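S.K.: Per the UniProt record's numbering, the sequence shown starts with residue 1, numbered consecutively.
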Amino acid sequence: MKMRCTGPRIHVRSTGEIENFRLLKNYVYDPQRGGYGIVGMVGDDPKSFFA
C-alpha cells in the first residue's frame with residue numbers, strides 16, 4: 001500500500017528542527033484505509049486543530 005503526503009513538503013534533518021512540533025500520544029485510526037497512523041502536529045496549540 002502506498003500512502004502519499006498531501007501536505008506541504010518540509011525538508012529537515014530531524015523533527016527537532018521544527019518549532020512547536022509534537023507527535024500525538026495515540027495512533028490515529030483511518031477508517032478509509034483500515035489502519036493506524038502516526039500523526040505529528042505543528043503549531044502553538046495542536047489541540048486547536050481538532051476544535
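Every residue, glycine too, gets a C-beta built ideally from N, C-alpha and C. A quick note: this is a predicted structure, and the numbers were derived from the prediction, not measured.
Alpha carbon to alpha carbon, what distance is there between Ile18 and Gly40?
M.R.: Residue numbering aside, residue 40 sits at position 40 when the sequence shown is read from its first letter. Residue numbering aside, residue 18 sits at position 18 when the sequence shown is read from its first letter. Between Gly40 and Ile18, the C-alpha separation is close to 11 Å.
S.K.: Tell me the DSSP secondary structure of Gly43 in three-state form.
M.R.: Within the sequence shown, the letter at position 43 stands for residue 43. Here Gly43 sits in coil by DSSP.
S.K.: Would you check whether the ligand MG has a heavy atom nearer than 7 Å to the C-beta of Glu19?
M.R.: In terms of ligand content, the structure shown is empty, and the ligand MG therefore cannot be addressed.
S.K.: List the residues that DSSP assigns as beta-bridge partners of Val12.
M.R.: Mapped onto the sequence shown, residue 12 falls at position 12. Val12 has no beta-bridge partner at all, per DSSP.
S.K.: Can the beta-carbon of Val28 be found closer than 8 Å to that of Gly37?
M.R.: Stepping through the sequence shown from its first residue, residue 28 is reached at position 28. Stepping through the sequence shown from its first residue, residue 37 is reached at position 37. For Val28 and Gly37, yes; Cβs fall inside 8 Å.
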